[in-house]
Every structure is written in C-alpha cells, then in structure tokens.
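According to the numbering used here, the sequence shown is numbered sequentially starting from 1.
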Amino acid sequence: MILIRSIAFTIAFYLNLIVQMIIFSPIYFIMPRKKAYFVPKFWARSNRWLFDKIGGTTFEIDGLENLTAEPAIISPKHQSTWDTIAFVPYIEDPIYILKRELLWIPLFGWYAAKQRMIPVDRAARGKSMVAVMERAKEEMASGRQLIIYPEGTRRPPGAEPVYKFGIARLYRDLQLPVIPIIHHGGLFWPRRKLINQPGHFRVKILPAIPPGMDHEVFFEHLVELMERESDALLVETIEANPHLKLPPTAAARYKQLKQEA
1 MILIRSIAFT IAFYLNLIVQ MIIFSPIYFI MPRKKAYFVP KFWARSNRWL
51 FDKIGGTTFE IDGLENLTAE PAIISPKHQS TWDTIAFVPY IEDPIYILKR
101 ELLWIPLFGW YAAKQRMIPV DRAARGKSMV AVMERAKEEM ASGRQLIIYP
151 EGTRRPPGAE PVYKFGIARL YRDLQLPVIP IIHHGGLFWP RRKLINQPGH
201 FRVKILPAIP PGMDHEVFFE HLVELMERES DALLVETIEA NPHLKLPPTA
251 AARYKQLKQE A
C-alpha cells in the first residue's frame, strides 16, 4: 500500500508542477516579480495537500511567529526535496542560494531567474563566494529573506553533521539575524528514494540569533543549537511514528540518544 501511495504521490507531484507551469506561466512572466511569487507559493501549498491526501503525511509548524517580514537569514535543516519547498508559503519574499546548474533547467530555471535566485558555482570556490556575497547584499537591501542550508547539501536524518562555514561569513557580512529551522521531514520524504512514508511530524522554527556575535562564536553556537534541537526532535518524531522504517543513520542516532538519556 505504501508503495502504491508513493508512486501515486510522485506522479501527482510532477504532474502538479507541469500543469501549474503551463497554466500560470503566461501570468507569472508578465507580473512584477514580488507579486508573481503567489505562483510558487500556491504550488508549495498544493504539494502539502497532495502529501497529505495521497501520501498520508502531515506536519505542523511551531514558531511561525519567529519568522519575520524583515530581512533575515533563514537556516533550515536540509534532508530532502520536502524542505526546499515547504517553507516558501510562510516567508514574505524568500531568496535561495542554489547551484547554478538549476538555472539551466527549462521553465524551472526561468522561474528561479525571475525571482533573482542567487546561483553559486561550486567549482569556483572562493571567487564564487565573493559574487554570492555581493548578490546577497543587494537582495537583502530590498528587504528579502535569504534561505541557506548550513550543511550545504542534503543529509539523511541522524547523520553526522557537516556544517559549512559559509553561513558564518554571511552572518558577519550581512549583519542580519539568523533563524534556524529544525525538522525530520527526510524520514517521510527521503532523499533519492521512491518510497515516502505516511505519518505526522513537527517542525520547529527557533527564535532568531541576533546579529553582532563574533562570526566564529556564532558558528559554534548555531551548530550546537541546531544539533541539540535536532536530536530532541528526532526522538520525538520516531516515537510518535513507531511504524517508520528508519534509515540506518536515524536508527543508530536514536539508539545512541536513548542510551545516553
């Protein structure tokens, strides 16, 4: 049954993307940039509905009051496709730092380009970071909220953390608050897997870390805070969904945390 629901959801997810692009593209590309954001926000909300009605998975978000309509750096855990779209409806004017290759995808790349997403050339390393910083400063000056995944790439739930120092440089140079977001959506919508799992999970939007800290001290604080909260939420999520088939990383981390408790 889970396999059938997962296949049905995957088909519905991509059909939803294609159909909405066809329907909304004529409107999207002639509207002013910020007003046109209603299209990806509607798409994100419709995917939540599909995830619930077809996939059998629901979630709740605690701490929405911690999101701001003012410029900020938003720092979510990155585990799967789910967290790349789930928060879009709740953020005033989000901008992502993304791999430049994504802008080469027909239609999707054009949508992202209209919203002035910031492309990064991972091969260029230092030079690329300078360009990213300049673009980020420009966009933040217009009142946007920057979404950056501090671990850089998707990590399975419970995996050893590998945070990138880039977020500390952004914190130092942009002088903006950082809002951490914790979740374990990857237990239900795993990366690189066809099978999605039904259930219910909680997302925590933590209070903002204000600007002004030494950027190295900030980085240590962010990692400690996000991992402590992530561990607690991992235990909660697994125990609230005893039917879940856990990835090895989550199973091992859960066992370790229970032994330490």
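All C-beta atoms in this analysis are idealised placements derived from N, C-alpha and C, irrespective of residue type, glycine included.
Bear in mind the structure is a predicted one, so any value in this text is a computation, not a measurement.
Taking residue i as the reference, which of the options has the closest Cα?
| i | options | result |
| --- | --- | --- |
| Ala232 | Leu50, Gln79, Arg202 and Pro247 | Arg202 |
| Asn241 | Pro119, Leu187, Ile11 and Leu170 | Leu187 |
| Lys164 | Phe219, Trp189 and Leu98 | Phe219 |
| Tyr90 | Gln197, His78, Ile97 and Glu70 | Glu70 |
| Ser230 | His243, Leu244 and Lys204 | Lys204 |
| Ala131 | Arg169, Ala72 and His78 | Arg169 |
| Arg253 | Ile23, Ala112 and Pro156 | Pro156 |
| Leu246 | Phe24, Ile195 and Met117 | Ile195 |
| His200 | Leu206, Gly185 and Gly212 | Gly185 |
| Tyr96 | Leu225, Ile4 and Ile167 | Ile167 |
| Arg172 | Ala72, Phe29 and Phe42 | Ala72 |
| Leu180 | Asp214, Ile27, Gln145 and Phe13 | A quick correction: the sequence has Pro, not Leu, at residue 180. Closest option to Pro180, Cα to Cα, is Gln145. |
| Glu160 | Met140, Glu227 and Ser46 | Glu227 |
| Arg33 | Met117, Leu234 and Glu65 | Met117 |
| Thr249 | Gln197, His221, Pro210 and Pro190 | Pro190 |
| Gly63 | Leu98, Val39, His183 and Arg154 | His183 |
| Thr153 | Phe13, Ser80, Glu92 and Glu138 | Ser80 |
| Glu92 | Asn47, Pro76, Gly143 and Pro210 | Gly143 |
Where does residue i fall in DSSP's three states?
| i | result |
| --- | --- |
| Val178 | strand |
| Tyr96 | strand |
| Asn87 | One point to set straight first is that residue 87 is Phe, not Asn, in the sequence displayed. Coil, per DSSP. |
| Ile4 | helix |
| Lys61 | The sequence given here has Ile at residue 61, not Lys. Correct three-state label for Ile61: strand. |
| Val162 | coil |
| Asn192 | For the sequence presented, residue 192 should be read as Arg rather than Asn. Reduced to three states, the DSSP call for Arg192 is coil. |
| Ile209 | strand |
| Lys114 | helix |
| Lys271 | Within the shown structure, residues of the chain are numbered from 1 to 261, placing residue 271 beyond reach of any answer. |
| Phe201 | strand |
| Pro156 | coil |
| Leu15 | helix |
| Pro26 | helix |
| Met31 | coil |
| Thr81 | coil |
| Glu139 | helix |
| Leu102 | helix |
| Gly56 | coil |
| Leu170 | helix |
| Leu187 | helix |
| Glu134 | helix |
Note the first and the last residue of the continuous beta strand (DSSP E) segment covering residue i.
| i | result |
| --- | --- |
| Pro76 | Ala72 to Pro76 |
| Gln145 | Gln145 to Ile147 |
| Thr68 | Element bounds for Thr68: n/a, residue is neither H nor E. |
Between the C-alpha atoms of residue i and residue j, what's the straight-line distance to the nearest angstrom?
| i | j | result |
| --- | --- | --- |
| Lys114 | Arg100 | 14 Å |
| Ile2 | Gly158 | 23 Å |
| Val217 | Ala208 | 15 Å |
| Ile11 | Lys53 | 14 Å |
| Thr57 | Lys193 | 16 Å |
| Lys35 | Pro119 | 22 Å |
| Tyr149 | Ile4 | 31 Å |
| Leu176 | Val88 | 20 Å |
| Val178 | Leu206 | 10 Å |
| Lys255 | Val235 | 9 Å |
| Ala8 | Trp43 | 18 Å |
Using beta carbons (cut-off 8 Å, strictly below), is residue i in contact with chain D?
| i | result |
| --- | --- |
| Leu17 | The chain inventory of the structure shown lacks chain D, comprising one protein chain alone. |
The alpha helix (DSSP H) that contains residue i, what's its start and end?
| i | result |
| --- | --- |
| Ile118 | Run containing Ile118: none in the alpha helix (DSSP H); it sits in the beta strand (DSSP E), Ile118 to Val120. |
| Gln259 | Pro248 to Glu260 |
| Leu225 | His215 to Ala240 |
| Ser46 | Phe38 to Lys53 |
Are the segment 70-86 and the segment 104-121 touching by the rule of at least three beta carbon pairs closer than 8 Å? In short, these stretches do not touch, since the Cβ pair count stays below three.
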